[in-house]
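Here the sequence shown is numbered in our numbering, starting from 1 and rising by one per residue. Glycine included, C-beta positions come from ideal geometry on N, C-alpha and C.
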Amino acid sequence: MTPGRTPASDRPKSLAEIRATYAEQAESIHRFERVNRLLTGRYRRERFGDVTGRVLDVACGTGTNFRYLPDGIELVGIDISPEMLAKAEEQLAALGMDGTLRNVDAEALEFEDDGFDAVISALSTCTFPDPVAALREMARVCKPDGTVRLVEHGRSDVAPFARFQEWRADAHYERNCCRWTQEPSAVVAAAGLSVRDSSTGLFGTITTFEIDPE
Ligand SMILES: C[S@@+](CC[C@H](N)C(=O)[O-])C[C@H]1O[C@@H](n2cnc3c(N)ncnc32)[C@H](O)[C@@H]1O
Numbered sequence: 001m002t003p004g005r006t007p008a009s010d011r012p013k014s015l016a017e018i019r020a021t022y023a024e025q026a027e028s029i030h031r032f033e034r035v036n037r038l039l040t041g042r043y044r045r046e047r048f049g050d051v052t053g054r055v056l057d058v059a060c061g062t063g064t065n066f067r068y069l070p071d072g073i074e075l076v077g078i079d080i081s082p083e084m085l086a087k088a089e090e091q092l093a094a095l096g097m098d099g100t101l102r103n104v105d106a107e108a109l110e111f112e113d114d115g116f117d118a119v120i121s122a123l124s125t126c127t128f129p130d131p132v133a134a135l136r137e138m139a140r141v142c143k144p145d146g147t148v149r150l151v152e153h154g155r156s157d158v159a160p161f162a163r164f165q166e167w168r169a170d171a172h173y174e175r176n177c178c179r180w181t182q183e184p185s186a187v188v189a190a191a192g193l194s195v196r197d198s199s200t201g202l203f204g205t206i207t208t209f210e211i212d213p214e
């Protein structure tokens, strides 16, 4: 059991359940993206703003990361939700960006080894049925001298809010397929990956990582 999971969230959702959840939520996630950006935008900019070369955004969702990426990259975004990918396509057009979007499972990335200069992902390991497998896949498809970057959420370090998160964790998981008290550092450690740099913010709920793919 991954540290930070709750008993209910230790039962991984199937990909079909996750797809159904995001089919239902894609429209509202897209509509409330401004709020998401207000809360997480600075962390995305800090962690993803200097990537270069061929970049893979894993579980790109509606494309919230895209605006924080620099010019001149070759962007590939993947997700398992067609509805989220459709919003991501709109996002690319609205930003005037080029990119390739594909429906691919993060736990079985259909890419060759060492194919990307940077692999990024935001607010995703909480949703993957097997987040350790997904992180290992991200490291596999990243060049050895490349970089894996994450912006993840977890339990707050503010006690009353952490207690609220614990109280609502199972309901939140059932409704959103999101383990919101999962400890991202524990998942990275369980994947056996070395952290080059990490930082926390937003009352301890956000942790960002630069990870060594080797
Ligand atoms: C909370 S959203 C985050 C989206 C985006 N990265 C962001 O920061 O706003 C989680 C995303 O993970 C995707 N997802 C869940 N499991 C996946 C999997 N196994 N492979 C690929 N995408 C997956 C969902 O479809 C959803 O778009």
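Mapping DSSP to helix, strand and coil, what is residue i?
i, result
"residue 73", "coil"
"residue 3", "Note that residue 3 scores a pLDDT of 49, beneath 50, so its modelled location is shaky; the value from the coordinates is reported in the next line. If DSSP states are grouped into helix, strand and coil, residue 3 belongs with coil."
"residue 184", "helix"
"residue 200", "strand"
"residue 194", "strand"
"residue 50", "coil"
"residue 62", "coil"
"residue 98", "coil"
What are the boundary residues of the beta strand (DSSP E) that residue i is part of?
i, result
"residue 210", "206 to 212"
"residue 55", "54 to 58"
What are the boundary residues of the alpha helix (DSSP H) that includes residue i?
i, result
"residue 84", "82 to 95"
"residue 155", "Neither: residue 155 is in no alpha helix (DSSP H) and is coded neither H nor E."
"residue 28", "15 to 31"
What ranges does the alpha helix (DSSP H) occupy inside the stretch 104 to 148, keeping only unbroken runs of at least 4 residues that lie completely in it? 131 to 141
Given 8 Å as the limit, is there contact between the stretch 91 to 100 and the stretch 116 to 123, that is, 3 or more CB pairs closer than that? no
Cβ pair count under 8 Å reaching 3, the stretch 190 to 207 against the stretch 38 to 50: yes
Flag this pair as touching only if the stretch 56 to 73 and the stretch 94 to 111 have three or more C-beta atom pairs under 8 Å; answer yes or no. yes
If you pair each beta-carbon of the stretch 188 to 195 with each one of the stretch 130 to 138, do three or more pairs fall below 8 Å? With the cut-off at 8 Å, the stretch 188 to 195 and the stretch 130 to 138 touch.
Three or more beta-carbon pairs under 8 Å between the stretch 136 to 152 and the stretch 166 to 176, yes or no? no
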